[in-house]
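For the sequence shown, my numbering begins at 13 and goes up steadily by one.
Have a look at the structure below, then the notes.
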Amino acid sequence: MVILMLEAIMSKDIISINEESSIQEVAAKMLTYDVGFLPITRKNKIVGVITDRDIATTTFKNTTNLDIQIKDYMHKHIISCDKAKDVSDVLQIMRKEKIKRILITDKKKVIGIISLSDIINNCDVYEEILKTLRQIFTVNRNTDTYKTEIDEFYL
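Put into structure tokens, the structure is as follows:
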């Protein structure tokens, strides 16, 4: 197996957004740049992150106001990995935290973002990728005993 440096497969052009931005601005930026993850900044410092899933689940569960600032909905627990680590270290962090993207740092300065897609498309660590996917996407089965009122379904 060839060992790839994280810098070789990470995205170096970091797209971020200010914490004062609205949900609508965040969603628009994600759409424009075709990303599902944005670091949130205050005065050129990353203070949080948000994903497209956060917007769809957490944010809209609590409000339908698209003008509210994103800082109230961002994740403040920022997970990163030093560029000196290897892909196995990144996958281990992803499994532990159940995340698909990690900020890559060099002496505490963010220099890129690595996603599970970056690893899948550039590395031959299939067993470890599969293990990570299983951990991230572990589903807790719905055990509700709700019975539907619908007797038939039509297409």
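Note that beta-carbon positions come from the ideal geometry of N, C-alpha and C, so glycine has one too.
On a predicted model such as this, the values are computed, not experimentally measured, just so you know.
* **Three-state secondary structure assigned by DSSP to V14** => Taking the first residue of the sequence shown as 1, we reach residue 14 at position 2. Residue confidence is low: V14 scores 44 on pLDDT, short of 50, so the model does not pin down where it sits. Its coordinate-derived value is still stated next. Looking at V14 - three-state DSSP - the assignment turns out to be coil, as it is neither helix nor strand.
* If you check the beta carbons only, do K95 and T117 fall under 9 angstroms apart? -> Translated into the one-based positions of the sequence shown, residue 95 becomes position 83. Translated into the one-based positions of the sequence shown, residue 117 becomes position 105. The answer is yes: Cβ separation under 9 angstroms.
* **Inside the region 35 to 92 only - beta strand (DSSP E) runs reaching at least 3 residues** => Segments of the beta strand (DSSP E) lying fully in the region 35 to 92: 49 to 54 and 57 to 63.
* To do: Decide yes or no for the touch test of the region 103 to 110 against the region 30 to 40: beta carbon pairs closer than 8 angstroms, at least 3 of them.
  => no
* Asked: Just the Cα atoms here: how many angstroms apart are D25 and T155?
  -> Position 13 of the sequence shown, counted from the first residue, corresponds to residue 25. Position 143 of the sequence shown, counted from the first residue, corresponds to residue 155. Cα to Cα, the separation comes out at about 43 angstroms.
* Output the distance between the C-alpha atoms of D46 and A40, rounded to the nearest integer angstrom. => Taking the first residue of the sequence shown as 1, we reach residue 46 at position 34. Taking the first residue of the sequence shown as 1, we reach residue 40 at position 28. D46 and A40 have their C-alpha atoms some 10 angstroms from each other.
* Rounded C-alpha distance that separates R65 from C135 -> As a working note, residue 65 is residue 53 in the sequence shown. As a working note, residue 135 is residue 123 in the sequence shown. When rounded, the distance between both Cα atoms is 26 angstroms.
* Asked: Taking Cβ to Cβ, would you say I125 is nearer than 9 angstroms to R113?
  -> Position 113 of the sequence shown, counting from 1, holds the residue named residue 125. Position 101 of the sequence shown, counting from 1, holds the residue named residue 113. Their beta carbons are under 9 angstroms apart, which means I125 touches R113 by this criterion.
* State yes or no: is the C-beta of L115 within less than 9 angstroms of the C-beta of L128? => The residue given as residue 115 occupies position 103 in the sequence shown. The residue given as residue 128 occupies position 116 in the sequence shown. Taking 9 angstroms as the cut-off, the Cβ atoms of L115 and L128 do not count as close.
* Test: V59 CB closer than 9 angstroms to a CB of chain D -> Here chain D cannot be found, since the structure has a single protein chain.
* To do: Just mark M22 as buried or exposed, buried being the case when its beta carbon has 16 or more other beta carbons within 10 Å.
  => As a first step, residue 22 is located in the sequence shown; it is residue number 10 there, counting from the start. M22 comes out buried.
* Asked: With burial defined as no fewer than 16 other Cβ atoms inside 10 Å of the residue's Cβ, what is the status of D130: buried or exposed?
  -> Counting from 1 along the sequence shown, the entry for residue 130 is found at position 118. Buried, by the Cβ-count rule.
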